[in-house]
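Report on the following structure.
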Amino acid sequence: MTTDIPSIPRLMTLERHILEGERLHPEATGEFSSILNNIALAAKLVWREVTKAGLVNILGTTDRMNISGDIVKKLDVFADRTIFRAMDHGGHLCVMASEENEDLLQIPDGYRKGKYVLIYDPLDGSGNIDANVTIGSIFSIFHRVSASGAGTEEDVLQPGDRQVAAGYLLYGSSMMFVYCTGHGVHGFTLDPSVGEFLLSHENIRIPAKGSIYSVNEGNTCRWEPGMRRYIDYLKEEDKATGRPYSARYVGSLVADLHRTMLYGGIYCYPGDTKNPEGKLRLTYECNPLAFIVEHAGGAASNGHKRIMEIKPESLHQRTPLFIGSKEEVELAKRFLSERK
29 MTTDIPSIPR
39 LMTLERHILE
49 GERLHPEATG
59 EFSSILNNIA
69 LAAKLVWREV
79 TKAGLVNILG
89 TTDRMNISGD
99 IVKKLDVFAD
109 RTIFRAMDHG
119 GHLCVMASEE
129 NEDLLQIPDG
139 YRKGKYVLIY
149 DPLDGSGNID
159 ANVTIGSIFS
169 IFHRVSASGA
179 GTEEDVLQPG
189 DRQVAAGYLL
199 YGSSMMFVYC
209 TGHGVHGFTL
219 DPSVGEFLLS
229 HENIRIPAKG
239 SIYSVNEGNT
249 CRWEPGMRRY
259 IDYLKEEDKA
269 TGRPYSARYV
279 GSLVADLHRT
289 MLYGGIYCYP
299 GDTKNPEGKL
309 RLTYECNPLA
319 FIVEHAGGAA
329 SNGHKRIMEI
339 KPESLHQRTP
349 LFIGSKEEVE
359 LAKRFLSERK
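Position one of the sequence shown corresponds to residue 29 (the numbering used here), numbered consecutively onward.
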């Protein structure tokens with residue numbers, strides 16, 4: 029008599045995936061792997077609070093505004109402090125920068141100053157927290173350019189094409205960790221029963237063309253003519269070009285970007301008459317997401333120039349963003365180049 033034994037799938041944890049990637053670099057010391065694992069730990073702590081936010085009085089706002097002019101939510105503060113405290117003592121970083129803080133975050137005295145730089149948006153989409161809509165975190169890692177000691181602004185203000193890794197966390201119906209170190213884009217889903225991130229989306233590739241656009245059309249009245257013509261074009265019916273496109277807009281950058289990664293299309297946050305440079309931050313949001321999307325076969329532009337070629341001039345510099353399927357970004361750029 030035979031007993032049917034359920035097949036056991038190959039389990040690839042995030043930690044194992046990071047270690048296997050480390051083996052591609054014989055000179056690796058393990059510091060880089062430790063940074064990624066510590067980010068994953070911090071994300072689990074943030075996720076734990078997100079899932080019970082309505083029960084422990086962590087919803088709602090604080091009485092202050094951040095450097096970007098946004099009202100700070102209680103979960104913003106928790107996520108920011110959690111990520112910093114998970115990363116400040118490992119000896120692998122020389123400095124950090126957070127979207128929630130006006131100045132650089134220095135490594136505390138008494139801890140070794142390492143060779144890497146961490147830049148992060150602790151909680152993207154926090155305006156949706158109280159409505160229980162998907163939110164996320166974004167991070168970017170660079171090699172330091174200063175010689176030694178405490179990190180400097182020069183270490184942080186590097187163009188995006190110098191990134192050595194980037195990723196985002198998605199806190200939704202499930203929790204995901206999506207990251208890239210230059211060898212493909214891979215997504216891991218948290219199995220809460222064992223507390224491990226398991227590989228669920230290997231080598232993500234964004235379709236070259238899509239049929240979904242994501243933009244806040246409430247700002248239409250402030251757009252330049254080229255942007256208005258572009259969105260009007262996407263809405264027109266034309267079977268030969270696959271139009272009209274479908275509109276999908278969550279209002280959380282990570283959520284909208286993740287959908288675009290999987291299904292194709294374009295996410296747009298243009299400049300307008302109120303915010304000529306847009307509202308998204310180059311270092312904290314646009315650079316890391318551009319790194320991920322380009323390695324997945326997509327493109328990212330400010331409408332005229334590749335995002336990762338822009339040299340940041342300040343910590344909280346803003347930029348318009350057009351990101352997603354390569355053909356869709358090129359189409360948007362053509363409309364934006366028309367100045368009539």
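Glycine included, C-beta positions come from ideal geometry on N, C-alpha and C.
Could you name the residues that DSSP lists as bridge partners for residue i?
{"i": "I166", "result": "D149, Y196"}
{"i": "F205", "result": "L197, F216"}
{"i": "E224", "result": "D219"}
{"i": "A125", "result": "I147"}
Just the Cα atoms here: how many angstroms apart are residue i and residue j?
{"i": "L317", "j": "H286", "result": "10 Å"}
{"i": "H214", "j": "V357", "result": "22 Å"}
{"i": "L359", "j": "S176", "result": "45 Å"}
{"i": "R172", "j": "F112", "result": "18 Å"}
{"i": "S228", "j": "T217", "result": "6 Å"}
{"i": "E322", "j": "D32", "result": "45 Å"}
{"i": "L47", "j": "L226", "result": "14 Å"}
{"i": "T347", "j": "I232", "result": "26 Å"}
{"i": "A324", "j": "F350", "result": "15 Å"}
{"i": "N156", "j": "G279", "result": "8 Å"}
{"i": "F205", "j": "S154", "result": "18 Å"}
{"i": "Y207", "j": "I338", "result": "22 Å"}
{"i": "E182", "j": "A194", "result": "19 Å"}
On the three-state DSSP scale, how would you describe residue i?
{"i": "H171", "result": "strand"}
{"i": "H229", "result": "strand"}
{"i": "G179", "result": "coil"}
{"i": "A327", "result": "strand"}
{"i": "Y273", "result": "coil"}
{"i": "A236", "result": "coil"}
{"i": "Y144", "result": "strand"}
{"i": "R76", "result": "helix"}
{"i": "D266", "result": "strand"}
Under 7 Å Cβ to Cβ from residue i, same chain only, skipping five residues before and after it: list those, please.
{"i": "Y277", "result": "S242, V243, N244, D284"}
{"i": "T301", "result": "R250"}
Using CA coordinates, which residue listed in the options is at the minimum distance from residue i?
{"i": "S221", "options": "E181, S174, S202, T162", "result": "S202"}
{"i": "N247", "options": "E130, G299, R346", "result": "G299"}
{"i": "P235", "options": "E355, T311, A275, Q134", "result": "E355"}
{"i": "Y139", "options": "G118, I166, V105", "result": "G118"}
{"i": "S342", "options": "S126, D104, L73, W75", "result": "S126"}
{"i": "E305", "options": "N66, V282, H332", "result": "H332"}
What residues in its chain sit with their C-beta under 8 Å from that of residue i, if we drop five residues either side in the sequence?
{"i": "R256", "result": "T248"}
{"i": "L378", "result": "The requested residue 378 does not occur in the structure, where the chain is confined to residues 29 to 368."}
{"i": "Q191", "result": "S168, I169, F170, N315, P316, F319, M336"}
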